[in-house]
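Report on the structure given below.
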Amino acid sequence: DTEVTQTPKHLVMGMTNKKSLKCEQHMGHRAMYWYKQKAKKPPELMFVYSYEKLSINESVPSRFSPECPNSSLLNLHLHALQPEDSALYLCASSKIGQNTGELFFGEGSRLTVL
Amino acid sequence: GQSLEQPSEVTAVEGAIVQINCTYQTSGFYGLSWYQQHDGGAPTFLSYNALDGLEETGRFSSFLSRSDSYGYLLLQELQMKDSASYFCAVGMNTGFQKLVFGTGTRLLVSP
Numbered sequence: 002d003t004e005v006t007q008t009p010k011h012l013v014m015g016m017t018n019k020k021s022l023k024c025e026q027h028m029g030h031r032a033m034y035w036y037k038q039k040a041k042k043p044p045e046l047m048f049v050y051s052y053e054k055l056s057i058n059e060s061v062p063s064r065f066s067p068e069c070p071n072s073s074l075l076n077l078h079l080h081a082l083q084p085e086d087s088a089l090y091l092c093a094s095s096k097i098g099q100n101t102g103e104l105f106f107g108e109g110s111r112l113t114v115l
Numbered sequence: 021g022q023s024l025e026q027p028s029e030v031t032a033v034e035g036a037i038v039q040i041n042c043t044y045q046t047s048g049f050y051g052l053s054w055y056q057q058h059d060g061g062a063p064t065f066l067s068y069n070a071l072d073g074l075e076e077t078g079r080f081s082s083f084l085s086r087s088d089s090y091g092y093l094l095l096q097e098l099q100m101k102d103s104a105s106y107f108c109a110v111g112m113n114t115g116f117q118k119l120v121f122g123t124g125t126r127l128l129v130s131p
């Protein structure tokens, strides 16, 4: 199984809503990532978890709250978002300890904030 | 910070060879990766150069020259399905893969 599964695929929310994005992988990868991608732009790193602990937060606003409940799951909790947060949110995973340059990405969750 | 520049768009015909360049201003990176992303799809890994030189993977080859701060992806025997966006990315960390992506190149393959 070489899949990273993200749900939901599409999400529309208002600025006062609370929602969560979910990501799951069963490849035994111990590093998991959240990237944000705007249209016609490259993915931008938001968070990195290694061994279920937050290793990198790229100065992301606190209205985005990541969570890694176990080695297979990664969540991104969303609260009080702004319209400019509308984007494709990509989850990825990788092995730790091997510099292969390879991330396994999910298909993403396309978020629209009204 | 890191900066990786790519041409915004490249066009080619089926069966041709195309080269997508990546020039960077960064240091201390561990390798250069290439990813393909079709519209609405996930980025998928194509190739990785840890060392200078050419890496070949089927129809795709990738090259890195650290002394020239330059790399490229070479696609041979182009097919319509190769129409996609292509991103170079540098790996900034050992252990896990902290990747910083280039600006991206949209490849359009015509019949």
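Protein sequence lines correspond, in order, to chains A and B.
Under the working numbering, residues 2 to 115 are what the first sequence spells out, in order.
Under the working numbering, residues 21 to 131 are what the second sequence spells out, in order.
The beta-carbon is built from N, C-alpha and C at its ideal position, and this holds for glycine as well.
With a threshold of 8 Å between beta carbons, is THR123(B) in contact with chain A?
Any Cβ of chain A closer than 8 Å to the Cβ of THR123(B) would place that residue at the interface, and such an atom is present.
Residue nearest to GLY21(B) in terms of C-alpha spacing, selected from THR31(B), TYR44(B) and GLN39(B):
Considering only alpha carbons, the answer is TYR44(B).
Between GLU97(B), GLY124(B) and THR125(B), which lies nearest to GLU34(B) when the distance is taken from Cα to Cα?
Of GLU97(B), GLY124(B) and THR125(B), the residue nearest in Cα terms is GLU97(B).
Quick one: which chain A residues come within Cβ less than 7 Å of GLN39(B)?
Chain order gives no chain A residues near GLN39(B), where near means a beta carbon separation below 7 Å; the closest approach is about 19 Å.
Tell me which residues share the same chain as ILE97(A) and place their Cβ nearer than 7 Å to its Cβ, disregarding the 5 neighbours each side in the sequence.
Hits under 7 Å: ARG31, ALA32 and SER51.
Run through DSSP, which three-state label would GLU4(A) get?
Here GLU4(A) sits in coil by DSSP.
Figure out for me which residue from SER110(A), PHE105(A) and THR113(A) has the closest Cα to the Cα of SER67(B).
Proximity to SER67(B) across SER110(A), PHE105(A) and THR113(A) peaks at PHE105(A), based on C-alpha coordinates.
Does the beta-carbon of VAL38(B) have 16 or more other beta-carbons within 10 angstroms, so that it is buried, or is it exposed?
Result: buried.
Could you tell me whether the region 6-16 of chain A touches the region 82-94 of chain A, using the rule of 3 or more Cβ pairs below 8 Å?
In short, these stretches touch, since the Cβ pair count reaches three.
Taking the beta carbon of LYS41(A) as the centre, do at least 16 other beta carbons fall within 10 Å, making it buried, or is it exposed?
Exposed, because fewer than 16 other Cβ atoms sit within 10 Å of the Cβ of LYS41(A).
DSSP state of LYS19(A), grouped into three classes?
In this structure, LYS19(A) counts as strand in the three-state DSSP scheme.
Evaluate the contact criterion for the region 69-81 of chain B versus the region 94-108 of chain B: three or more CB pairs, one atom per stretch, below 8 Å.
By the Cβ rule, the region 69-81 of chain B counts as touching the region 94-108 of chain B, because three or more pairs are nearer than 8 Å.
By the 9 Å beta-carbon criterion, what residues does the region 49-79 of chain B contribute toward chain A?
Interface annotation for the region 49-79 of chain B against chain A: TYR50, GLY51, LEU52, SER53, TRP54, TYR55, GLN57, GLY60, GLY61, ALA62, PRO63, THR64, PHE65, SER67, TYR68, ASN69 and ALA70, criterion Cβ-Cβ distance under 9 Å.
Residue-chain proximity (SER87(A), chain B), Cβ-Cβ < 8 Å:
So no, SER87(A) is outside the interface.
Rounded separation between TYR55(B) and MET28(A) - CA only
A direct Cα-Cα distance of roughly 20 Å separates TYR55(B) from MET28(A).
Kindly indicate which three-state DSSP category MET112(B) falls into: helix, strand or coil?
In the three-state scheme derived from DSSP, where H, G and I count as helix and E and B as strand, MET112(B) is classed as coil.
Are the C-beta atoms of GLU108(A) and some chain B residue less than 8 Å apart?
For GLU108(A), at least one C-beta of chain B is nearer than 8 Å to its own C-beta.
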